[in-house]
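Remarks on the structure that follows.
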Amino acid sequence: MTKIVTDPKIMLGKPTIEGTRITVEQVLRLLSQKLTVDEIIDDFPQLKEADIRTAVDYAAKMVAKPQI
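My numbering applies: residue 3 is where the sequence shown begins, and numbers increase by one.
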């Protein structure tokens, strides 16, 4: 199962796909540039479709959280 992790020693602590240096932000930016999942995987062969879906789901959950 794909996990999103944060580690202050990796990508300045930004949320990344576990086992990579690919941030959730990077995935979202690629999708916003209208790259398809297959195109992203072609550019980053270490990723699987589930990784991309997990990154999008993580971002949606972060946006949905109420701000305190």
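Cβ coordinates follow ideal geometry from the N, Cα and C atoms, glycine included.
Check your understanding: What did DSSP end up calling T25 once you bin it into helix, strand or coil?
Key -> Translated into positions along the sequence shown, residue 25 becomes position 23. Of the three classes helix, strand and coil, the one that applies to T25 here is strand, per DSSP.
Review point. Since I6 and V29 are thought to touch, with beta carbons under 8 Å apart, how far apart are those beta carbons, to the nearest angstrom?
Key: Residue 6 sits at position 4 when you count from the first residue of the sequence shown. Residue 29 sits at position 27 when you count from the first residue of the sequence shown. 10 Å between Cβ atoms; not a contact.
Check your understanding: If you draw a straight line from the C-alpha of A57 to the C-alpha of L37, how long is it?
Key -> Numbered from its first residue, the sequence shown carries residue 57 at position 55. Numbered from its first residue, the sequence shown carries residue 37 at position 35. Their backbone Cα atoms lie some 15 Å apart in a straight line.
Check your understanding: Among M3, R23 and D53, which has the Cα closest to the Cα of K11?
Key -> Residue numbering aside, residue 11 sits at position 9 when the sequence shown is read from its first letter. When each option's Cα is compared against that of K11, the closest is R23.
Practice item. Under the assumption that T4 contacts P17 (Cβ atoms under 8 Å), give the Cβ distance between them as a whole number of angstroms. Key: The residue given as residue 4 occupies position 2 in the sequence shown. The residue given as residue 17 occupies position 15 in the sequence shown. The pair is not a contact, with the Cβ atoms about 12 Å apart (cut-off 8 Å).
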